[in-house]
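In the working numbering, the protein residues as written are 1 to 141.
This is the structure:
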């Protein structure tokens, strides 16, 4: 698992989303996607993202170029694991069930979820089969 990162404020999350959606950019380029934000505010938030390990800054050119170091999916996985550990005593099922029951899933998302569940089911069956074979071989003379 990736190294733990510090918490993200709402404004830092907004700036990180800009990097995800529009790719690497300078302070000015990121600021163009934010209405009514001060240049220095965006600069400060990008600097914080770098210090916290969410972004990197290329300082070789005239203007500093910022890029995300973590994808949206990676961050989501990290935060989901933290949530399971903190609030669900390490058991993912209650969190997954709550999310599935509370949020409408598209047909594509349902198919993806089914594929993941089928894969996990197959892995569990395979592991159980392997365990039975190992136990069976150990008990023979």
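Using N, Cα and C, we set each Cβ at its ideal position, and we do this for glycine too.
Just so we're clear, the structure is a prediction, and the values are computed from it rather than from any experiment.
Is the distance from the Cβ of residue i to the Cβ of residue j below 8 Å?
i, j, result
"residue 80", "residue 69", "no"
"residue 8", "residue 16", "yes"
"residue 86", "residue 52", "no"
"residue 95", "residue 88", "yes"
"residue 22", "residue 33", "yes"
"residue 105", "residue 113", "yes"
"residue 64", "residue 73", "no"
Please classify residue i: is it buried, with 16 or more other beta-carbons within 10 angstroms of its beta-carbon, or exposed?
i, result
"residue 31", "buried"
"residue 66", "buried"
"residue 42", "buried"
"residue 25", "buried"
"residue 27", "buried"
Using three-state DSSP, classify residue i as helix, strand or coil.
i, result
"residue 34", "coil"
"residue 68", "strand"
"residue 93", "helix"
"residue 88", "coil"
"residue 136", "helix"
"residue 1", "Reliability of the predicted coordinates at residue 1 is poor, the pLDDT of 45 falling under 50, and the value obtained from them is presented with this limitation in mind. If DSSP states are grouped into helix, strand and coil, residue 1 belongs with coil."
Please look up how many angstroms separate the CB atoms of residue i and residue j, rounded, as I've assumed it's under 8 Å.
i, j, result
"residue 11", "residue 45", "6 Å"
Does the beta carbon of residue i come closer than 8 Å to any beta carbon on chain D?
i, result
"residue 74", "The chain inventory of the structure shown lacks chain D, comprising one protein chain alone."
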